[in-house]
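Notes to accompany the following structure.
Residue numbers (the working numbering): 8 to 203.
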């Protein structure tokens, strides 16, 4: 019998969720807490940065496109019988178990791993860091007022206040709102890695 685990929706549709979810998968596999092969089914995103993350994650799992929108636990997708287990992570942000816990703990629990068995060092980004060039600190303060979800954006007045505060203290700053957007994951990591 096939022992593979299918995960629907990969680990979300945003950069942070994806990196943290993939870290949970990496920790679970590296620590021997998840022995099965994993297939991540995910939506292809318009963001090249997020696509870069999953291109680098092929060593953690087989990654396939999520081609269906209407599969449910009661009506699984074609090919579902090929997997020992299907873990449906679609809409995890609405899962009551997601609220009030560290995101990595939520993902670990969904993978069947007790978060208490995962040492703190394995909660940091240990899977992605070695796959990218090391950051070169340049000493600026980076303001990031914009997010993938406008509801989470920093209000303009708060952004202006932060810029004014930093300027009054003579600190070099860059604002993601006024920079050309990072088009690739290495560009984004370089921008963040250069910040103090």
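Where a beta carbon is used, it is the ideal one built from N, C-alpha and C, also for glycine.
#### Entry: For residue 180, the residue or residues it bridges with in DSSP
In the DSSP output, where bridge partners are listed per residue, residue 180 has 148.
Identify every residue that forms a DSSP beta bridge with residue 211.
Given that the chain is displayed from residue 8 to residue 203, the structure contains no residue 211 and the question cannot be resolved.
- Item | Neighbourhood of residue 145 by C-beta, 7 Å cutoff - its chain only, sequence neighbours within 5 removed | Around residue 145: 201.
Quiz item: Between the Cα of residue 125 and the Cα atoms of 13, 30, 20, which residue gives the shortest distance?
Solution: When only C-alpha atoms are compared, the closest one is 30.
Using C-beta distances below 8 Å, list every residue in its chain close to residue 165, excluding the 5 sequence neighbours before and after it, in chain order.
If we look at residue 165 and ignore the five residues flanking it on each side, its Cβ neighbours are 152.
| Burial state of residue 120 (16 or more Cβ within 10 Å) | By the neighbour-count rule (16 or more Cβ atoms within 10 Å), residue 120 is buried.
Open item on the list: Using only the alpha-carbon positions, how far apart do residue 118 and residue 173 sit?
Closed with: Residue 118 and residue 173: Cα-Cα distance of roughly 42 Å.
Self-check item: Span of the beta strand (DSSP E), counted from its first residue to its last, around residue 15
Solution: Residues 12-15.
Requested in this report: State buried or exposed for residue 112, treating a residue as buried only when at least 16 other CB atoms are found within 10 Å of its CB.
Outcome: Only buried fits residue 112, as 16 or more other CB atoms lie within 10 angstroms of its CB.
Is the beta carbon of residue 43 less than 8 Å from the beta carbon of residue 71? Going by C-beta atoms, residue 43 is not nearer than 8 Å to residue 71.
**Prompt:** Taking Cβ positions, are residue 52 and residue 97 nearer each other than 8 Å?
**Reply:** No, the pair does not count as a contact, with Cβ atoms beyond the cut-off.
Going by DSSP, what residue range makes up the beta strand (DSSP E) through residue 192?
According to the DSSP assignment, residue 192 belongs to no beta strand (DSSP E) but to the alpha helix (DSSP H) extending over 192-200.
Do residue 161 and residue 24 come within 8 Å of each other at the CB atom, strictly closer than that value?
Their beta carbons are not under 8 Å apart, which means residue 24 does not touch residue 161 by this criterion.
- Message: To test your reading of the DSSP string, which unbroken alpha helix (DSSP H) runs of 4 or more residues are found completely within the stretch 76-164?
- Response: Qualifying alpha helix (DSSP H) stretches, in chain order: 110-117.
What does the Cβ neighbour count give for residue 101, buried or exposed, with the cut at 16 atoms within 10 Å? Residue 101 is exposed by the Cβ-count criterion.
*asked:* Based on DSSP bridge pairs, tell me the residues matched to residue 19.
replied: Looking at the DSSP assignment, residue 19 forms a beta bridge with 17.
Review point. Apart from the five residues on each side of it in sequence, which residues of its chain come closer than 6 Å, Cβ to Cβ, to residue 114?
Key: The answer, listed in chain order, is 28, 31.
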